Amino acid sequence: MAIGEALAKARKRQGYSQEDLSAHLPISRESVAKYETGSRRLPDDMRKPIAEALDDVEYYFVTWKEAAGEVAIPFLNGEHVDHHPSSMAFMVKGETAEALQHLEKVSWTKPVHTRTEAEKEDMKKVLFELLDAAASIINLVAIVAREYRFSLKEIFKVWRVSLKLRKLNR
């Protein structure tokens, strides 16, 4: 999905008109319209202010992918995903259990340079299982924040402070 299209969908989900959104930003309503239709490229320096003004969980995932390319967790919206929090929690439990099982199947003490190709492939499988678990967890955070109308921006601000207090992040 193009960033402009994602912007329009996020704005509508949040109940903002183009005028409402532009009032929170140093841009005009006309600029918002042009970004949404793709007739004007969304400037890099406006990506963060727009994301923060919208504070829309799905839009954060889109902008993450826009910024990092393939190294970003997607918003899970496939046909096998039920966004009800209890369904998402069930998914997290299943994906996390699978990841933990795979963690137990590999050696963590054997040096990398001594591993066989089969062992390297097993480690790659572990990474995919960990990504599945991480994706389900971050999506649960997003869904619960949306359901309870928590600001994901505020949740992350408080969480980042807690990481610093616990000396897990500088």
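Just so we're on the same page, this note's numbering is the position in the sequence shown counted from 1, plus 3. Ideal placement from N, C-alpha and C gives every residue a C-beta, glycine not left out. Computed from a prediction, not measured in an experiment: that's the story for all the values here.
Practice task
Can you have a look at Ala-13 and say buried or exposed, based on whether 16 or more other CB atoms are within 10 angstroms of its CB?
Solution key: Within the sequence shown, numbered from 1, the residue matching residue 13 stands at position 10. Buried is the call here.
Handout entry: Any non-hydrogen atom of the ligand ZN closer than 7 Å to Pro-46 Cβ
Key = Only the bare structure without any ligand can be found here, which leaves the ligand ZN out of the picture.
Handout entry: Residues of its chain near Leu-130, where Cβ-Cβ distance is below 6 Å and the 5 sequence neighbours each way are ignored
Key = Within the sequence shown, numbered from 1, the residue matching residue 130 stands at position 127. Closer than 6 Å at the Cβ level, and outside the excluded window around Leu-130, lies no residue.
Exercise for the section: Might you give, ordered along the chain, the residues of its own chain that have their beta carbon closer than 8 Å to the beta carbon of Ala-70, omitting 5 neighbours on each side? Expected result: In the sequence shown, the residue the question calls residue 70 occupies position 67. So the list reads Arg-50, once near-sequence residues are dropped.
Practice task
Taking Arg-16 as the reference, give the member of Ser-25, Ser-34 and Tyr-62 with the closest Cα.
Solution key: If you number the sequence shown from 1, residue 16 lands on position 13. Minimum Cα distance to Arg-16 is reached at Tyr-62.
Handout entry: Own chain residues within Cβ distance below 8 Å of Arg-173, not counting five before or after
Key = Here residue 173 is taken as the residue at index 170 of the sequence shown, counted from 1. So the list reads Lys-167, once near-sequence residues are dropped.
Practice task
Starting from the C-beta of Arg-43, find all residues in its chain whose C-beta is less than 6 Å away, skip the five residues before and the five after it, and write them out in chain order.
Solution key: Along the sequence shown, read from residue 1 onward, the residue named residue 43 stands at position 40. Around Arg-43: Lys-37.
Problem - CB-CB length for Leu-45 against Gly-7, believed under 8 Å - result: By one-based count along the sequence shown, residue 45 stands at place 42. By one-based count along the sequence shown, residue 7 stands at place 4. Confirmed, Cβ separation roughly 7 Å.
Handout entry: Met-4 - containing alpha helix (DSSP H), residue span
Key = The residue given as residue 4 occupies position 1 in the sequence shown. Unbroken run through Met-4: none, as it is neither H nor E.
Exercise for the section: Compute the distance between the beta-carbons of Met-187 and Leu-143, then report whether it is under 8 Å. Expected result: Because the chain in this structure spans residues 4 to 173, residue 187 falls outside the shown range and cannot be described.
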